[in-house]
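Residue numbers (full-length UniProt numbering): 1 to 260. For every residue, glycine included, the Cβ atom is placed at its ideal position computed from N, Cα and C. Down below is the structure, laid out as structure tokens.
As structure tokens, this is what we get:
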């Protein structure tokens with residue numbers, strides 16, 4: 001299913017996007033050495049409830065997971081890259097943490113993810129990998145607009161990731177949004193320009209470049225959810241929700257000026 005939002009729904013999507021971005025920024029600021037992943041999940045729940053919104057993850061039970069997910073935010077550490085199930089782990093200096101949050105507010109969903117290094121350590125390979133996903137995300141956004149094709153976005157993302165030396169896994173990628181978290185069209189992190197669905201004003205897309213340092217193969221944890229690199233290498237993940245407008249693409253998951 002592909003939903004095209006009307007102006008009222010787009011305004012709700014903007015509100016949901018700012019909420020997601022503000023919560024992620026708050027969680028990032030609290031992700032210090034010694035912080036538990038379970039505390040991050042609890043803080044996410046408190047902020048979502050206080051806003052009158054709903055996490056898309058609590059009851060999420062797709063065919064590939066051992067559902068329902070049962071938590072409010074995905075917390076992926078080091079070699080974990082997607083669907084990281086929060087557990088009683090205390091963050092250490094130098095950990096590479098990815099936080100992925102999808103929230104429904106006013107009947108519309110926004111979805112975003114950030115990766116960062118915890119503490120004072122700055123491993124160069126981790127910093128560069130995070131930067132590559134951020135640059136790829138920016139390239140994908142720049143390629144989006146009315147009349148463009150999904151393949152244009154995928155090609156732009158893939159050119160940055162492969163150009164930085166990373167292999168690209170195509171099992172999971174970006175996706176459409178609307179009244180639910182995962183909709184068509186699928187947005188692969190590599191592809192051919194000029195192919196696929198033609199973008200229209202009112203379409204919401206979650207673009208999410210992610211990579212693993214030295215492999216494109218995933219393995220699933222015993223928890224049935226957390227996806228890790230098959231080699232144990234580090235990973236990174238960046239994501240924004242965008243709306244296709246008459247003029248181009250609007251990023252909805254940017255924090256408010258009061259976020260901190």
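Counting only the Cα atoms, residue 192 lies some 25 Å from residue 235.
Where residue 126 is concerned, the enclosing alpha helix (DSSP H) starts and stops at 124 to 143. The Cβ neighbour count for residue 190, taken over all protein chains shown within 10 Å, is at least 16; the residue is labelled buried.
Cβ neighbours of residue 152 within its own chain (closer than 6 Å, five residues either side excluded): 143 and 193. With a cutoff of 8 Å on beta-carbon distance, residue 139 and residue 157 are scored as near each other. Put simply, the backbone Cα of residue 12 is about 20 Å away from that of residue 184. When C-beta atoms of the segment 100 to 115 are compared with those of the segment 15 to 24, three or more pairs fall below 8 Å, so the two segments count as touching.
Bounds of the alpha helix (DSSP H) holding residue 155 are 150 to 163.
Excluding five sequence positions before and after residue 198, the CB atoms of its chain that fall closer than 7 Å to its own CB belong to 147 and 149, given in chain order. For the set 112, 141 and 97, the Cα lying nearest the Cα of residue 127 is the one of 97. For residue 72, DSSP assigns no beta-bridge partner whatsoever. DSSP, reduced to helix, strand and coil, places residue 209 outside both helices and strands of the structure shown, so it counts as coil.
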